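Q: Just dropping this structure here.
Number of protein chains: 2
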Amino acid sequence: MAHNPLAKPVPPPAATPARFLDLVADKLVATDEVFRRHLESDVPFIQKAGVYLADGGGKRVRPALLLLAARLLGHDSEEEVTYAAVVELIHTATLIHDDIIDHAALRRGRTTLNHLWGNNLTVLLGDWLYTTAMQMALSHGHLDVVQRLCTATRRMTEGELLAYQRLGAVDLTVDEYFHIIDRKTAHLFAAACSIPSLIPPQRNEAGQVLHRYGQALGTCFQLVDDLLDFTAREAELGKPVLSDLKEGKFTLPLILLLPRVGAERRRLVEMVLEDRSFARVAPEEILELVQAEGTLEEVAGMAEGYAAQAKQELEFFPPSDARDALELTPDFVLHRRS
Amino acid sequence: MAHNPLAKPVPPPAATPARFLDLVADKLVATDEVFRRHLESDVPFIQKAGVYLADGGGKRVRPALLLLAARLLGHDSEEEVTYAAVVELIHTATLIHDDIIDHAALRRGRTTLNHLWGNNLTVLLGDWLYTTAMQMALSHGHLDVVQRLCTATRRMTEGELLAYQRLGAVDLTVDEYFHIIDRKTAHLFAAACSIPSLIPPQRNEAGQVLHRYGQALGTCFQLVDDLLDFTAREAELGKPVLSDLKEGKFTLPLILLLPRVGAERRRLVEMVLEDRSFARVAPEEILELVQAEGTLEEVAGMAEGYAAQAKQELEFFPPSDARDALELTPDFVLHRRS
Numbered sequence: 093m094a095h096n097p098l099a100k101p102v103p104p105p106a107a108t109p110a111r112f113l114d115l116v117a118d119k120l121v122a123t124d125e126v127f128r129r130h131l132e133s134d135v136p137f138i139q140k141a142g143v144y145l146a147d148g149g150g151k152r153v154r155p156a157l158l159l160l161a162a163r164l165l166g167h168d169s170e171e172e173v174t175y176a177a178v179v180e181l182i183h184t185a186t187l188i189h190d191d192i193i194d195h196a197a198l199r200r201g202r203t204t205l206n207h208l209w210g211n212n213l214t215v216l217l218g219d220w221l222y223t224t225a226m227q228m229a230l231s232h233g234h235l236d237v238v239q240r241l242c243t244a245t246r247r248m249t250e251g252e253l254l255a256y257q258r259l260g261a262v263d264l265t266v267d268e269y270f271h272i273i274d275r276k277t278a279h280l281f282a283a284a285c286s287i288p289s290l291i292p293p294q295r296n297e298a299g300q301v302l303h304r305y306g307q308a309l310g311t312c313f314q315l316v317d318d319l320l321d322f323t324a325r326e327a328e329l330g331k332p333v334l335s336d337l338k339e340g341k342f343t344l345p346l347i348l349l350l351p352r353v354g355a356e357r358r359r360l361v362e363m364v365l366e367d368r369s370f371a372r373v374a375p376e377e378i379l380e381l382v383q384a385e386g387t388l389e390e391v392a393g394m395a396e397g398y399a400a401q402a403k404q405e406l407e408f409f410p411p412s413d414a415r416d417a418l419e420l421t422p423d424f425v426l427h428r429r430s
Numbered sequence: 093m094a095h096n097p098l099a100k101p102v103p104p105p106a107a108t109p110a111r112f113l114d115l116v117a118d119k120l121v122a123t124d125e126v127f128r129r130h131l132e133s134d135v136p137f138i139q140k141a142g143v144y145l146a147d148g149g150g151k152r153v154r155p156a157l158l159l160l161a162a163r164l165l166g167h168d169s170e171e172e173v174t175y176a177a178v179v180e181l182i183h184t185a186t187l188i189h190d191d192i193i194d195h196a197a198l199r200r201g202r203t204t205l206n207h208l209w210g211n212n213l214t215v216l217l218g219d220w221l222y223t224t225a226m227q228m229a230l231s232h233g234h235l236d237v238v239q240r241l242c243t244a245t246r247r248m249t250e251g252e253l254l255a256y257q258r259l260g261a262v263d264l265t266v267d268e269y270f271h272i273i274d275r276k277t278a279h280l281f282a283a284a285c286s287i288p289s290l291i292p293p294q295r296n297e298a299g300q301v302l303h304r305y306g307q308a309l310g311t312c313f314q315l316v317d318d319l320l321d322f323t324a325r326e327a328e329l330g331k332p333v334l335s336d337l338k339e340g341k342f343t344l345p346l347i348l349l350l351p352r353v354g355a356e357r358r359r360l361v362e363m364v365l366e367d368r369s370f371a372r373v374a375p376e377e378i379l380e381l382v383q384a385e386g387t388l389e390e391v392a393g394m395a396e397g398y399a400a401q402a403k404q405e406l407e408f409f410p411p412s413d414a415r416d417a418l419e420l421t422p423d424f425v426l427h428r429r430s
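Protein sequence lines correspond, in order, to chains A and B. Just so you know, the first sequence maps onto residues 93 to 430 in my numbering. Just so you know, the second sequence maps onto residues 93 to 430 in my numbering.
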């Protein structure tokens, strides 16, 4: 279980996760305050659930990226703090609707809202969070920003729908997988990174670069997140290992593996998907399988490729502390899951 | 069952439902086209569900009100058609999330999306519809309009949350009931009616009048909608009669009734709420109860009061065909449920 495919191939990180956050530490505190303030409500349930969500942590990856991109472009105002809170709010709304769909009981080591209060209240709370996020985004009057957030949210929902419809499908292709994670994850990363370019004075070209940067980094993030389901310990994950597979989510290490192994070993994976449990197959059998075929290392290599692509985009900008901090390697995900 | 409390007290209507729609018939056709076009998607499930929703009818009360208010203010552009489609889209998203919560199997005489495709896809589709609606609303660049739509949507969700938390509660007060329907229904009506005043040239005072008009009319609409659960036939409702009570929804005719009857008759209502079924009490027993106490007529009288209040607001405007058409009486709901 302690096997970590990222441990060897990754060179000493250019930006440690700590440094990644240090530069915008004050703004992240301000973001948390804005986040918390906007979850206050005269509706008792919203108030209660809001406090639970605000206390729940989450590693604020998307807000940090947005704030660093703002710094990279020389912004220093309240606007980026609002938008940082908005992307975290949208992300939170997605997570709680996802947890309904996955019947998840744990998220970040805490009981999910759907398990605490049932699906019905959680559906409505998610709707309220999405709408609250849009209303906050409108407050500074930059239509382009709201438009970009809407587009990213739509794409995310489409990614979730596509993923849900292919849940449990053993014939999911590599192309389909990337199409899904592009919509499900990379778009909101790209929006978070490019939104500061839409704050006047608009920076169109820089915005496109940051959009591509975010898309590559978001893809890297999702690949590593999928890897962690195989390699991390339950205490690190805040949920059981191999949860993805148990929920029918067929991620890249297994997609790459299946065509390469015989029917007998393929059958192991199929049985978990069919049962949605480890009743007939032990988690260790699946882990041994991917370790033997080396697909975890392969996916780790791809994640590094996306991180390198993201880093290359940054060369558009002159050197700065913000640019250094944005030069992330896949291991940042290991420390900063959200 | 054919008893209709609105049949006697209501005078010959000033505006027949037909007339209400005639004036904006062309624009309603255009609205339907915009609605349908924006439900198109490269995600197969969205495409399929979108066609199902677009074909499902719905009486387009909110779009018609928006279009008539636009005509009242002298607008004639594509903008009001977009916004009319947007309010219908928001309303549709609310309905499909509501149907999940109510475990509803029928809506407008057709199988609900949650029963056709399950709760999970329906949660995500609702999210997609909300976001699509916001994106459409942004397209004309009037921030105030999007802001108003966001506020109305938030209020609606809050109303739904409050209602859900008090589901099955026999001690719901008249004040609580009105507080809930104000958020759940009246706000979107008010937004629909006042949005045309935000299209340049802005008309602040007229906007406030139309907002109050919509709020009163929305309240009237909800009261009559709640009455119909007692008085309409299943074929008219598109769902079984007394569905509200069976779902634990305690509406005004019963809220007014309970304090006036003895423990034995009160027990009848409580048993339906406890069982969430008519296993121990026949629907006829409940209907006889409200008929004997006259609370249906009482609620019908209140609905007329709200309609009169709405009509009075319209006196702010000089006489016109649009003003005539907006002078609705409660019976418009009988013909135009949505």
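Don't be surprised by glycine CBs; every beta carbon is placed ideally from N, CA and C. Remember, predicted model here, so these are calculated numbers, not experimental data.
Who pairs with residue 199 of chain A in a beta bridge, going by DSSP?
A: A:202
Q: Note down, in chain order, every chain A residue with its Cβ under 8 Å from the Cβ of residue 342 of chain B.
A: Within chain A, no residue comes near residue 342 of chain B; the closest Cβ sits about 17 Å away, beyond 8 Å.
Q: Determine the direct distance from the alpha carbon of residue 146 of chain A to that of residue 438 of chain A, and round the result to whole angstroms.
A: Because chain A spans 93 through 430 in this model, residue 438 of chain A falls outside it and cannot be assessed.
Q: Contact between the region 204 to 222 of chain B and the region 160 to 177 of chain B: three or more CB pairs below 8 Å?
A: no
Q: Which residue marks the beginning of the alpha helix (DSSP H) containing residue 125 of chain A, and which one marks its end?
A: 117 to 129
Q: Name the chain A residues that come within less than 9 Å of residue 192 of chain B, Cβ to Cβ?
A: 211, 212 and 215
Q: Alpha carbon to alpha carbon, what distance is there between residue 397 of chain B and residue 408 of chain B?
A: 18 Å
Q: Just the Cα atoms here: how many angstroms apart are residue 150 of chain B and residue 133 of chain B?
A: 22 Å
Q: Taking the alpha carbon of residue 191 of chain A as the reference point, which residue from A:381, A:342 and A:205 has its own alpha carbon closest?
A: Nearest of A:381, A:342 and A:205 to residue 191 of chain A, Cα basis: A:205.
Q: Check whether chain A comes within 8 Å of residue 102 of chain B, counting only Cβ atoms and requiring the distance to be less than that.
A: Interpretation of residue 102 of chain B is limited by its pLDDT of 41, a score under 50 that renders its predicted location unreliable; the figure taken from the coordinates is listed afterwards. Output row for residue 102 of chain B: interface = no.
Q: To the nearest angstrom, how far is it from the Cα of residue 364 of chain B to the Cα of residue 196 of chain B?
A: 17 Å
Q: With a threshold of 8 Å on Cβ separation, who are the neighbours of residue 381 of chain A within its own chain once the five nearest residues in sequence on each side are excluded?
A: 349, 353, 357, 360 and 361
Q: Tell me, please, whether the CB atom of residue 189 of chain A is closer than 8 Å to any CB atom in chain B?
A: Any Cβ of chain B closer than 8 Å to the Cβ of residue 189 of chain A would place that residue at the interface, and such an atom is present.
Q: Alpha carbons only, please: which of B:144, B:137, B:111 and B:113 is nearest the one belonging to residue 127 of chain B?
A: With distances taken between Cα atoms, residue 127 of chain B lies closest to B:144.
Q: Any idea if residue 308 of chain B is buried or exposed, counting beta-carbon neighbours within 10 angstroms, 16 or more meaning buried?
A: buried
Q: Just reading off the alpha helix (DSSP H) that residue 154 of chain B is part of, what are its end residues?
A: Unbroken alpha helix (DSSP H) run through residue 154 of chain B: 153 to 164.
Q: Terminal residues of the continuous alpha helix (DSSP H) containing residue 345 of chain B?
A: 344 to 349
Q: Compare the C-alpha of residue 184 of chain A against each of A:405, A:264, A:374 and A:148 and name the closest.
A: Nearest C-alpha to residue 184 of chain A: A:148.
Q: Short of 9 Å Cβ to Cβ, which residues in the region 128 to 149 of chain B face chain A?
A: 133, 134, 135, 136, 137 and 138
Q: Could you check whether the Cβ of residue 256 of chain B sits closer than 8 Å to any Cβ belonging to chain A?
A: A Cβ of chain A is located within less than 8 Å of the beta carbon of residue 256 of chain B.
Q: Could you check whether the Cβ of residue 51 of chain A sits closer than 8 Å to any Cβ belonging to chain B?
A: This structure cannot settle anything about residue 51 of chain A, because the visible part of chain A is limited to 93 through 430.
Q: Can you look up residue 325 of chain A in the DSSP assignment and give me helix, strand or coil?
A: coil
Q: Going along the chain, which residues of its own chain have a beta-carbon closer than 8 Å to the beta-carbon of residue 411 of chain B, five neighbours each way excluded?
A: none
Q: Strictly below 8 Å CB to CB, what residues from chain B border residue 481 of chain A?
A: No answer is possible for residue 481 of chain A: it lies beyond the span of chain A, which begins at 93 and ends at 430.
Q: Determine, using beta carbons only, whether residue 305 of chain B and residue 241 of chain B come nearer to each other than 8 Å.
A: Result no, Cβ atoms of residue 305 of chain B and residue 241 of chain B do not sit closer than 8 Å.
Q: Could you tell me whether any Cβ in chain D is nearer than 8 Å to the Cβ of residue 222 of chain A?
A: No chain D is part of this structure, whose protein chains are labelled A and B.
Q: List the residues of chain B whose Cβ lies closer than 8 Å to the Cβ of residue 267 of chain A, in chain order.
A: Within chain B, no residue comes near residue 267 of chain A; the closest Cβ sits about 15 Å away, beyond 8 Å.
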